[in-house]
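Q: Quick one: the structure is below, questions incoming.
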Amino acid sequence: KKIIVWFRKDLRIHDHAALFEAAQQGCIIPVFIWPSEQEFEYADSIAAKWSLHQSLISLRQNLAAKGIPLIIRKGNIQKELLQLIKETSADAVFYNRCYEPFMVQSLFEIEIQLSKSKIEVQSFHGNLLYQQFNILNKNHEPYKVFTSYWKRTMQEHVSTPYAIPKMTSTLATLPASLEIHELQLLSTNSLESRLDQHWEIGEQEAISHWTEFLEYGLNKYERYKDFPSAQATSLLSPYLVWGNISVKSIWHSIQSHEIQGPSTETFLRQLVWRDFAYDQLIHFPTMPIKPLREAYNTFPWEGSSSDFNKWKLGQTGYPLVDAGMRELLATGYMHNRVRMVVASFLVKHLLVPWTEGSKWFTQKLIDFDVANNAMGWQWTTGCGIDSAPFFRIFNPVAQGKRFDPNGDYVRQWIPELKNLPQKFIHKPWEASQEILALAHLELGKDYPFPIVEHNFARKRALQAYNLIKKA
Ligand code: FAD
Numbered sequence: 002k003k004i005i006v007w008f009r010k011d012l013r014i015h016d017h018a019a020l021f022e023a024a025q026q027g028c029i030i031p032v033f034i035w036p037s038e039q040e041f042e043y044a045d046s047i048a049a050k051w052s053l054h055q056s057l058i059s060l061r062q063n064l065a066a067k068g069i070p071l072i073i074r075k076g077n078i079q080k081e082l083l084q085l086i087k088e089t090s091a092d093a094v095f096y097n098r099c100y101e102p103f104m105v106q107s108l109f110e111i112e113i114q115l116s117k118s119k120i121e122v123q124s125f126h127g128n129l130l131y132q133q134f135n136i137l138n139k140n141h142e143p144y145k146v147f148t149s150y151w152k153r154t155m156q157e158h159v160s161t162p163y164a165i166p167k168m169t170s171t172l173a174t175l176p177a178s179l180e181i182h183e184l185q186l187l188s189t190n191s192l193e194s195r196l197d198q199h200w201e202i203g204e205q206e207a208i209s210h211w212t213e214f215l216e217y218g219l220n221k222y223e224r225y226k227d228f229p230s231a232q233a234t235s236l237l238s239p240y241l242v243w244g245n246i247s248v249k250s251i252w253h254s255i256q257s258h259e260i261q262g263p264s265t266e267t268f269l270r271q272l273v274w275r276d277f278a279y280d281q282l283i284h285f286p287t288m289p290i291k292p293l294r295e296a297y298n299t300f301p302w303e304g305s306s307s308d309f310n311k312w313k314l315g316q317t318g319y320p321l322v323d324a325g326m327r328e329l330l331a332t333g334y335m336h337n338r339v340r341m342v343v344a345s346f347l348v349k350h351l352l353v354p355w356t357e358g359s360k361w362f363t364q365k366l367i368d369f370d371v372a373n374n375a376m377g378w379q380w381t382t383g384c385g386i387d388s389a390p391f392f393r394i395f396n397p398v399a400q401g402k403r404f405d406p407n408g409d410y411v412r413q414w415i416p417e418l419k420n421l422p423q424k425f426i427h428k429p430w431e432a433s434q435e436i437l438a439l440a441h442l443e444l445g446k447d448y449p450f451p452i453v454e455h456n457f458a459r460k461r462a463l464q465a466y467n468l469i470k471k472a
């Protein structure tokens, strides 16, 4: 039997259910198709496409080492898949399930086509910890509160990861394949050379990165995870996005690790947040563009494009916000605590719609993930499931003092503030002229004054919120 293994967001050979099962049942034909819809959606997502490019290089090498070529195509998925079946006389298509709304939609049509052509189709549980359709509450509805979801998942088993299978391919003539560069995932943007300096993306890199974190980082996670300069989080997100590493393998390696403690549970909870995000996306596919709480459809957004641009460039005058936005521009990544602060600032201090911020993250994040990003923005805005209430408005100065007490993170990303004493690092506008002169800093020239005053912005946001609350 000839089986097409259709790779999408699972670009690895370890713990790959579809690859493993196909290899047991016949000869495999691994295929990656870059869909037109995704090409459109990712038009400006330089970091995410760069990471996909690297992930494909890694997958192709790993398969080649087993003597199996990866076939690469781009275009309409249905058309390309049917064409490949014809060219290879494949009998079956195996794939791991993905939940991005456009993929779910196109799959529906593809399965109808394939069943008409008598092609066997098998889908597998692959990229999440749990089989989402099984995780429902007593009323058979999706969970709305994370803690209940977490407790429920604790009763579920995370299936054992698959080993790397022995693979055979007997294709006498290979179907045409594009070279990876022909997918045109790379641009000439200078961000890419910076990404090169910060990240090594691929299956081996993901595994060694994770092994090191498990050994040396995990035990410090609970204590330091909220401090951006401590670099105490796993930085696994860029590897999870295209599936360089399997989340189930991560889960099992933690469970079998000899050191267990509070960090272990906290870390596992974060992984379950990722599942929770997909659970929401599956049940509410419009989540990336529409608020889950309908009242927010009429929220009186009034933010200006000039403020939005200053936010994008890290020029708001609030050091923690600006440091985060500059980290994003330089590396394609931002620490979770800072993501919450910058998102809250955009939505509540500047009254710019969360969907605009979400689009900017879509373009810039190396770990852009449709479910996590949508959940993060809806959570921060207050319009999502189990989200922070709107009236909880982060004070960027207080957040800075608490989570970057020495100002190390701010100094790393805003060098113009590096000589400011710790007392003023999160509120340079309170420093006297003398102190500013000693720090070689001219406010308004080297670094901006705050674009909005915190108490004014807070009051304005609450007034706007009251309008939808009444409605
Ligand atoms: P760690 O703390 O080491 O966590 C390990 C893994 O758990 C992460 O890699 C991630 O897969 C998962 N995880 C951790 N925190 C969360 C969370 N809050 N929600 C869902 N999963 C989580 N994450 C993305 O992967 N892609 C995004 O596009 C994205 N956009 C976000 C937008 C906003 C506004 C916010 C507030 C959060 C967003 N997050 C996103 C969630 C979170 O910020 C990142 O997953 C995390 O910073 C990644 O760093 P890490 O791998 O070191 O995390």
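Each residue of the sequence shown is one higher than the one before, counting from 2 in UniProt numbering.
Glycine is no exception: its CB is placed at the ideal position from the N, C-alpha and C atoms.
Because the structure is a prediction, the values reported are computed rather than measured.
So what's Gln453 in DSSP terms, helix, strand or just coil?
A: Taking the first residue of the sequence shown as position 1, residue 453 is located at position 452. For the record, residue 453 in the displayed sequence is Val; it is not Gln. DSSP places Val453 in coil when its eight states are reduced to three.
Q: Alpha carbon to alpha carbon, how far is Lys3 from Leu175?
A: As a working mapping, residue 3 is identified with position 2 in the sequence shown. As a working mapping, residue 175 is identified with position 174 in the sequence shown. So the two alpha carbons sit approximately 13 angstroms from each other.
Q: For Val453 versus His350, is the C-beta distance shorter than 7 angstroms?
A: For the purposes of this step, residue 453 is taken as residue 452 along the sequence shown, with counting starting at 1. For the purposes of this step, residue 350 is taken as residue 349 along the sequence shown, with counting starting at 1. Yes, Cβ-Cβ distance for Val453 and His350 is below 7 angstroms.
Q: Classify His258: buried if its beta carbon has 16 or more other beta carbons within 10 angstroms, exposed otherwise.
A: The residue given as residue 258 occupies position 257 in the sequence shown. The residue in question, His258, is exposed, as its Cβ has fewer than 16 Cβ neighbours within 10 Å.
Q: Can you tell me whether DSSP reads Glu121 as helix, strand or coil?
A: The sequence position of residue 121 within the sequence shown is 120, counting from 1. Glu121 falls in the strand class under three-state DSSP.
Q: Could you say which of Gln423, Leu418 and Pro422 lies nearest to Lys446 if we only look at CA atoms?
A: For the purposes of this step, residue 446 is identified with residue 445 of the sequence shown, where counting begins at 1. Ranking the options by Cα distance to Lys446, first place goes to Leu418.
Q: Considering only the alpha carbon of each residue, which of Gln271, Glu110 and Gln256 lies closest to Ser238?
A: Looking up residue 238 in the sequence shown gives position 237. Residue Gln271 is the option with its Cα nearest to Ser238.
Q: Pick from Ala432, Asp387 and Ala462: whose alpha carbon is nearest that of Thr148?
A: Position 147 of the sequence shown, counting from 1, holds the residue named residue 148. Taking only the C-alpha atoms, the option nearest Thr148 is Asp387.
Q: Between the alpha carbons of Ala231 and Asn310, how many angstroms are there, rounded?
A: Working through the sequence shown from its first residue, we reach residue 231 at position 230. Working through the sequence shown from its first residue, we reach residue 310 at position 309. Going by the C-alpha atoms only, they are around 29 angstroms apart.
Q: Please tell me whether, using a cut-off of 6 angstroms, the distance from the CB of Arg275 to the nearest non-hydrogen atom of the ligand FAD is below it.
A: As a first step, residue 275 is located in the sequence shown; it is residue number 274 there, counting from the start. Under cutoff, so the answer is yes.
Q: Which residues bound the alpha helix (DSSP H) around Arg9?
A: Mapped onto the sequence shown, residue 9 falls at position 8. For Arg9, no alpha helix (DSSP H) segment is defined, and its DSSP state is neither H nor E.
Q: Should Leu272 be listed as close to the ligand FAD, given that the test is whether its C-beta is under 6 angstroms from any heavy atom?
A: Along the sequence shown, one-based indexing puts residue 272 at 271. Because some heavy atom of the ligand FAD lies under 6 angstroms away, the Cβ of Leu272 counts as near it: yes.
Q: Going by C-alpha distance, which of Phe391, Pro406 and Ala296 is nearest Val398?
A: Within the sequence shown, numbered from 1, the residue matching residue 398 stands at position 397. Val398 has its Cα closest to that of Pro406, out of Phe391, Pro406 and Ala296.
Q: Measure from the alpha carbon of Val339 to the alpha carbon of each residue in Arg459, Ala49 and Pro229, then state which is nearest.
A: Position 338 of the sequence shown holds residue 339. Considering only alpha carbons, the answer is Pro229.
Q: Could you spell out the range, first to last residue, of the alpha helix (DSSP H) harbouring Ile310?
A: To locate residue 310, count along the sequence shown from 1; it is residue 309. The identity of residue 310 in the sequence shown is Asn, whereas the question assumes Ile. Asn310 -> alpha helix (DSSP H) spans Ser306 to Leu314.
Q: Taking Ile73 as the reference, which of Trp302, Cys28, Phe21 and Gln185 has the closest Cα?
A: As a first step, residue 73 is located in the sequence shown; it is residue number 72 there, counting from the start. Checked all of Trp302, Cys28, Phe21 and Gln185; the closest Cα to Ile73 is Gln185.
Q: What residues are listed by DSSP as bridge partners for Gly76?
A: Mapped onto the sequence shown, residue 76 falls at position 75. Answer is Pro36.
Q: Around the C-beta of Pro439, are 16 or more other C-beta atoms found within 10 angstroms, so that it is buried, or is it exposed?
A: The sequence position of residue 439 within the sequence shown is 438, counting from 1. It is Leu, not Pro, that sits at residue 439 in the sequence shown. Exposed is the call here.
Q: For Ala91, which of Val6, Thr356, His141 and Trp51 has the nearest alpha-carbon?
A: In the sequence shown, the residue the question calls residue 91 occupies position 90. Among Val6, Thr356, His141 and Trp51, the Cα nearest to that of Ala91 is on Val6.
Q: Alpha carbon to alpha carbon, how far is Gln364 from Lys471? Give it in angstroms, no decimals.
A: In the sequence shown, residue 471 corresponds to position 470, counting from 1. In the sequence shown, residue 364 corresponds to position 363, counting from 1. Going from the Cα of Lys471 to the Cα of Gln364 covers about 35 angstroms.
Q: Are Ala24 and Phe95 closer than 7 angstroms when you measure CB to CB?
A: Stepping through the sequence shown from its first residue, residue 24 is reached at position 23. Stepping through the sequence shown from its first residue, residue 95 is reached at position 94. It is not a contact, given that the beta carbons lie outside the stated cut-off.
Q: If I'm right that Trp51 touches Leu187 with Cβ under 8 angstroms, what's the distance once you round it to whole angstroms?
A: Reading the sequence shown from its first residue, position 50 is the one you call residue 51. Reading the sequence shown from its first residue, position 186 is the one you call residue 187. Indeed they touch by this definition, with Cβ atoms about 6 angstroms apart.
Q: Counting pairs of beta carbons, one from the segment 71 to 88 and one from the segment 30 to 44, are three or more of them closer than 8 angstroms?
A: yes
Q: In chain order, what residues of the same chain have a beta carbon less than 8 angstroms from the beta carbon of Gln379, not counting five sequence neighbours either side?
A: As a working note, residue 379 is residue 378 in the sequence shown. If we look at Gln379 and ignore the five residues flanking it on each side, its Cβ neighbours are Met288, Pro292, Leu293, Trp355, Gly385, Ile386 and Ser388.
Q: Can you tell me whether Leu421 is buried or exposed? The criterion is at least 16 other CB atoms within 10 Å of its CB, across all chains shown.
A: Position 420 of the sequence shown, counting from 1, holds the residue named residue 421. Label assigned to Leu421: buried.
Q: Any chance the segment 196 to 208 sits against the segment 239 to 250, with 3 or more Cβ pairs inside 8 angstroms?
A: yes
Q: Pro320 and Ile415 look like a contact to me (Cβ under 8 angstroms); what is the Cβ gap, rounded to whole Å?
A: As a working note, residue 320 is residue 319 in the sequence shown. As a working note, residue 415 is residue 414 in the sequence shown. Confirmed, about 6 angstroms.
Q: Among Ser194, Tyr225 and Gly383, which has the Cα closest to the Cα of Glu295?
A: The residue given as residue 295 occupies position 294 in the sequence shown. When only C-alpha atoms are compared, the closest one is Gly383.
Q: Taking 6 angstroms as the cut-off, does the CB of Asn337 come closer than this to any heavy atom belonging to the ligand FAD?
A: Indexing the sequence shown from 1 puts residue 337 at position 336. Yes; taking the cut-off as 6 angstroms, the Cβ of Asn337 has a heavy atom of the ligand FAD nearer than that.
Q: For the ligand FAD, I want to know if Phe309 counts as a neighbour, meaning its beta carbon is within less than 6 angstroms of at least one of the ligand's heavy atoms.
A: Sequence index remark: in the sequence shown, residue 309 carries index 308 (1-based). No; taking the cut-off as 6 angstroms, the Cβ of Phe309 has no heavy atom of the ligand FAD nearer than that.
Q: Using only CA atoms, which one of Lys360, Phe109, Pro70 and Ala344 lies nearest to Ile30?
A: The residue given as residue 30 occupies position 29 in the sequence shown. Selected option, being the one with the closest Cα: Pro70.
Q: If you run the structure through DSSP and keep just helix, strand and coil, what is Val94?
A: Within the sequence shown, residue 94 is the residue found at index 93, counting from 1. Residue state, collapsed to three classes: strand.
Q: Does the distance from the C-beta atom of Ser250 to that of Asp16 stay below 7 angstroms?
A: Counting from 1 along the sequence shown, the entry for residue 250 is found at position 249. Counting from 1 along the sequence shown, the entry for residue 16 is found at position 15. Result yes, Cβ atoms of Ser250 and Asp16 sit closer than 7 angstroms.
Q: Could you tell me how far apart the beta carbons of Asn374 and Phe362 are, in whole angstroms, since I believe they sit closer than 8 angstroms?
A: If you number the sequence shown from 1, residue 374 lands on position 373. If you number the sequence shown from 1, residue 362 lands on position 361. Right, the Cβ-Cβ distance comes to about 6 angstroms (below 8 angstroms), so this counts as a contact.
Q: At a cut-off of 6 angstroms, is Asp387 close to the ligand FAD when judged by its beta-carbon and the heavy atoms of the ligand?
A: As a working mapping, residue 387 is identified with position 386 in the sequence shown. Answer for Asp387: no, Cβ out of range of the ligand FAD.
Q: Just to confirm, are Phe450 and Gly318 a CB contact at a threshold of 7 angstroms?
A: Reading the sequence shown from its first residue, position 449 is the one you call residue 450. Reading the sequence shown from its first residue, position 317 is the one you call residue 318. A contact, by the Cβ cut-off of 7 angstroms.
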